[in-house]
Amino acid sequence: MRRWLSLVVALASAVPVAAVAGSAQRQHRVARAGDVFEYLLPGSALGWTLAMADWRGLGQFAGSFGLTMGVTQLMKATIDATRPNGGPKSMPSGHTASATGGAAYMQRRYGWAFGVPYYIAAGYTALSRVVTDWHYPRDVVVGGAIAIGSSFLFVRRIKITDRYSLLPYGHGLYGLRIQRRF
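Mapping to the numbering used here: the sequence shown position 4 is 14, numbers consecutive.
Here it is in structure tokens:
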């Protein structure tokens, strides 16, 4: 229950994006941020996995993200759904699937301390797609659900060995320290 509550809080914290989307210039900035997160979240998840030399996690990321994007593109090709702006291929949201794919992987593999910031950014991405009329709410929900479902199929929590340990940075400070035992 605590996990679901954390997810709801993370997604709800992204709601202020709706207040930002007003003028055309603001909407362009909101859409651009969603475009950046589409690549930044899975890219940084991949980068973190490589930096940790987590080869098993790399395979899990590839399986989960590959399935997410494969299912998303297959659904886009087969479901004839018009976007709110009149364009084609509305269902599901590829931006949301990609961003949530990175978030779900980080949360499932490395825990909620990593997952919450990623889910906040993924929630922002989803809302940016809705408030800029690229998608309906159902499109972003389905895109996110595909990514989360794929992560449940492929991703397992890392077992930290004696070689590496992840510790809080300090009192009241947010960060990460990686230690290696010699």
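Glycine is no exception: its CB is placed at the ideal position from the N, C-alpha and C atoms.
Cβ-Cβ distance between residue i and residue j below 7 Å
i	j	result
A157	A107	yes
S100	R93	yes
A123	L51	no
T160	T82	Looking at the sequence shown, residue 160 is not Thr but Ser. No, these two residues do not count as a Cβ contact at 7 Å.
A136	F47	no
G111	F162	no
R139	G80	no
Y115	A55	yes
D64	N95	no
Contacting residues, own chain, Cβ-Cβ under 7 Å from residue i (five flanking each side not counted)
i	result
G67	T59, R119 and I168
G73	F164
M85	M101 and P102
A34	none
R166	Q70
V27	With a pLDDT of 48 at V27, under the threshold of 50, the modelled position of that residue is not reliable, and the figure given next carries that caveat. Once the five neighbours on either side are set aside, the close Cβ partners of V27 are V40, Y134, L137, S138 and V141.
Beta-carbon proximity list for residue i, same chain, < 6 Å, skipping 5 on both sides
i	result
H105	G44, E48, T135 and R139
H38	none
G69	none
G97	none
G153	P102, S103, T106 and A107
A196	Any answer about residue 196 is impossible in this case: the structure gives the chain only from 11 up to 192.
Q117	G125
Own chain partners of residue i with C-beta closer than 8 Å, once the 5 adjacent residues on each side are dropped
i	result
G121	R167
Write down every uninterrupted run of the alpha helix (DSSP H) in the segment 108-179 whose length is 4 residues or greater and which is fully enclosed by it, in chain order. 122-141 and 147-164
List, from N- to C-terminal side, the beta strand (DSSP E) runs of 3 residues or more that fit wholly inside the segment 29-115. none
Count the CB pairs spanning the segment 149-163 and the segment 81-95 that are closer than 8 Å, and state whether there are at least three. yes
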